[in-house]
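>
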Amino acid sequence: MSLAVLSCSSALAGTPTDGLIFYQDFDHDGRALCGTGWAYDQSIPREQLVPGRFGNACRFERPRKNLLSPNQASMEEDSAGFLGGKGATLASLAAETPFGRKALRAEAPVGGVAWQTAPVQAKVQAPHRPMKVFVFSASLRTDGPQVKVRLTLSDQNEGGDWRARIEAATAKDAKAAKPAQETVSAPGEATLGATWQRVAARLEMDARREEQSLVGALTVLEGAPATVWADGLQLEQTCIYPLTNTDPTSW
18 MSLAVLSCSS
28 ALAGTPTDGL
38 IFYQDFDHDG
48 RALCGTGWAY
58 DQSIPREQLV
68 PGRFGNACRF
78 ERPRKNLLSP
88 NQASMEEDSA
98 GFLGGKGATL
108 ASLAAETPFG
118 RKALRAEAPV
128 GGVAWQTAPV
138 QAKVQAPHRP
148 MKVFVFSASL
158 RTDGPQVKVR
168 LTLSDQNEGG
178 DWRARIEAAT
188 AKDAKAAKPA
198 QETVSAPGEA
208 TLGATWQRVA
218 ARLEMDARRE
228 EQSLVGALTV
238 LEGAPATVWA
248 DGLQLEQTCI
258 YPLTNTDPTS
268 W
């Protein structure tokens, strides 16, 4: 089994265990045995587990810098930094939210893109891995009936000359330079209700691509016309540690 060291409080576990440190394995659906007669359960999706040294392992990584502007992350001033989709109306309005006092409201009369972020220029490195990995996440909810949405992250530089430069280097010395890595996009989909729900999208690309122009977007798939609220947006580089099963990695 693979273990993680976790702390627990009596408010969480319902027992007099303030400050207790215990070990958790990931071979029993997130259940950690914490002593005689009680345990602590965590909801960990199976897709987040990877082969570890002693069975299943769960990869953790500390948060990193938010690449979005402060107003894109939490829309306390206005809706600057966002572009509305076809017919969509955007506004920064007062709302009950765990992130400040306002949230971004998008009124989408039809299905399709409700909003997208203004491009975020990023020039980061990933020296220990073949791929750069970015995660775009947001807290979302709706006012009315359920709405199915998709969150995506893309790089506007995808169509640039990066592939030709990598292929030219490979042609000069095939041993020193590996072929270009294909870009992998993993959107996040969710059916929204009246409570805030965290949704995340992932984008992986060849680490030799020096600069990115990243755009996050929200698309209404079902339920239009719809009103969708968004807040607490995060765009960060992740998976920056060496690729082993003993070092922390992402998600």
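Throughout, my numbering is defined as the position within the sequence shown, counted from one, plus 17.
Idealized CB from N, CA, C, for every residue including glycine.
#1: Just to confirm before moving on: does the CB-CB distance between residue 245 and residue 125 stay below 8 Å?
#2: Under three-state DSSP, which class holds residue 111?
#3: State whether the stretch 233-243 contacts the stretch 119-138, with contact taken as three or more CB pairs (one from each stretch) at a distance under 8 Å.
#4: Can you name, in chain order, every residue of its own chain whose Cβ lies under 6 Å from the Cβ of residue 169, other than the five neighbours on each side?
#5: Let me check one thing: in DSSP terms, what residues is residue 231 bridge-paired to?
#6: Quick check for students: name the residue ranges of the beta strand (DSSP E) that lie wholly in the stretch 188-259, counting only runs of 3 or more.
#7: Near residue 184, which residues of its chain fall below 8 Å by C-beta distance, leaving aside the five closest residues on each side in sequence?
#8: So which of 192, 206, 135 and 228 has the shortest CA-CA distance to residue 174?
#9: Starting from residue 72, follow its DSSP beta bridges and name the residues at the other end.
#10: How big is the Cα-Cα spacing for residue 250 and residue 72?
#11: Among 155, 106, 238 and 200, whose alpha-carbon lies nearest the alpha-carbon of residue 83?
#12: Leaving out five residues on either side along the sequence, give the residues of the same chain with a beta carbon under 6 Å from the beta carbon of residue 206.
#13: In the structure shown, what three-state DSSP assignment does residue 94 receive?
#14: Quick one, which of 139, 230 and 131 has its alpha-carbon nearest residue 103's?
#15: Candidates 99, 136, 179 and 224: which alpha carbon is nearest residue 171's?
#16: How many Å lie between residue 101 and residue 121 at the Cα?
#17: In terms of alpha-carbon separation, which member of 199, 189, 160 and 106 lies closest to residue 225?
#18: Can you tell me which of the three DSSP states residue 167 falls into?
#19: Could you compute how far the alpha carbon of residue 214 sits from the alpha carbon of residue 239?
#20: In whole angstroms, what separates the C-alpha of residue 67 from that of residue 106?
#21: Would you call residue 253 buried or exposed, if buried means 16 or more other Cβ atoms sit within 10 Å of its Cβ?
#22: Roughly how many whole angstroms lie between the Cα atoms of residue 99 and residue 190?
Checking against the coordinates, here is how it stands:
#1: Cβ distance < 8 Å, so residue 245 and residue 125 count as in contact.
#2: The answer is strand: DSSP assigns residue 111 an E or B state.
#3: Result yes; three or more Cβ-Cβ pairs closer than 8 Å.
#4: Excluding the 5 residues flanking it on each side, residue 169 has same chain C-beta neighbours closer than 6 Å at 204, 218 and 234, in chain order.
#5: Note: residue 231 sits in a beta bridge opposite 137 and 172.
#6: Every beta strand (DSSP E) stretch that sits fully inside the stretch 188-259 and reaches 3 residues is listed by chain position as 201-203, 205-209, 214-223, 229-239 and 243-255.
#7: 196 and 197.
#8: For the residues 192, 206, 135 and 228, the minimum Cα distance to residue 174 belongs to 228.
#9: In the DSSP assignment, residue 72 is bridged to 69.
#10: Roughly 34 Å separates the two Cα atoms.
#11: Checked all of 155, 106, 238 and 200; the closest Cα to residue 83 is 155.
#12: Taking residue 206 as the centre and dropping the five residues before and after it, the same chain places the C-beta of 167 closer than 6 Å to its C-beta, in chain order.
#13: DSSP places residue 94 in the coil class of the three-state scheme, outside both helix and strand.
#14: Relative to residue 103, the option among 139, 230 and 131 whose CA is nearest is 131.
#15: Checking every option, the nearest Cα to that of residue 171 belongs to 136.
#16: Within the model, the alpha-carbon separation for residue 101 versus residue 121 is close to 11 Å.
#17: Residue 199 is the option with its Cα nearest to residue 225.
#18: Of the three classes helix, strand and coil, the one that applies to residue 167 here is strand, per DSSP.
#19: Approximately 17 Å between the Cα atoms of the pair.
#20: The straight-line gap from Cα to Cα measures roughly 42 Å.
#21: Of the other Cβ atoms in all chains shown, 16 or more fall within 10 Å of the Cβ of residue 253; this residue is therefore buried.
#22: Whole-angstrom Cα-Cα distance: 44 Å.
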